[in-house]
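As structure tokens, the structure follows; a few thoughts come after it.
In UniProt numbering, the protein residues as written are 1 to 161.
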């Protein structure tokens with residue numbers, strides 16, 4: 001599919017020099033999207049198969065941006081020849097902070113938080129979420145599971161369901 005669309009959009013074009021790739025991926029959902037590191041390889045294999053590039057090793061610099069578009073999930077790829085272009089970027093502090101997008105481990109992974117023995121947790125006055133480790137101010141800020149052996153903060157509980 002990628003090879004076919006590439007050929008339709010770029011008939012009779014073959015790029016043979018080293019390239020800079022700007023890849024914009026528009027995911028359907030914020031909750032579920034594939035691992036971003038796997039996407040470029042699949043796309044570059046497709047454009048190599050189309051004949052637009054000779055070898056995916058030509059792409060020496062890659063910039064990937066993630067977006068969300070529930071109505072039109074897609075990817076947009078721009079290729080620039082390194083003989084005429086260079087990429088320049090800088091990371092800046094935002095003048096106004098935005099809400100952080102927090103990630104948690106996949107459901108098939110074990111919790112990375114170290115487990116605390118029951119005797120240690122009972123001696124401590126701090127109540128914390130067993131998933132994210134966040135210290136909770138009140139016991140009402142958590143939901144009890146597994147007959148009271150596990151405490152889950154409301155944010156982690158909401159993310160899970």
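Note that beta-carbon positions come from the ideal geometry of N, C-alpha and C, so glycine has one too. Given the structure is predicted, the values throughout are model-derived calculations rather than measurements.
Sub-7 Å separation of residue i and residue j beta-carbons
i: residue 156; j: residue 127; result: no
i: residue 40; j: residue 62; result: yes
i: residue 24; j: residue 82; result: no
i: residue 153; j: residue 160; result: no
i: residue 43; j: residue 6; result: no
i: residue 67; j: residue 26; result: yes
C-alpha distance - residue i paired with residue j, whole-angstrom precision
i: residue 134; j: residue 57; result: 44 Å
i: residue 75; j: residue 145; result: 41 Å
i: residue 55; j: residue 3; result: 14 Å
i: residue 70; j: residue 139; result: 38 Å
i: residue 93; j: residue 99; result: 14 Å
i: residue 78; j: residue 10; result: 12 Å
As assigned by DSSP and simplified to three states, the class of residue i
i: residue 142; result: strand
i: residue 2; result: helix
i: residue 156; result: helix
Nearest residue (CA-CA) to residue i, options the options
i: residue 182; options: 152, 14, 147; result: The structure shown does not extend to residue 182, since the chain spans only 1 to 161, so no value can be given for it.
i: residue 72; options: 96, 1, 29; result: 29
i: residue 88; options: 17, 8, 18, 22; result: 22
Any non-hydrogen atom of the ligand NAP closer than 6 Å to residue i Cβ
i: residue 159; result: Although the ligand NAP was asked about, the structure shown includes no ligands whatsoever.
### Task
Ignoring anything shorter than 3 residues or poking outside the segment 13 to 98, list the beta strand (DSSP E) runs there in chain order.
19 to 27, 59 to 68, 74 to 81
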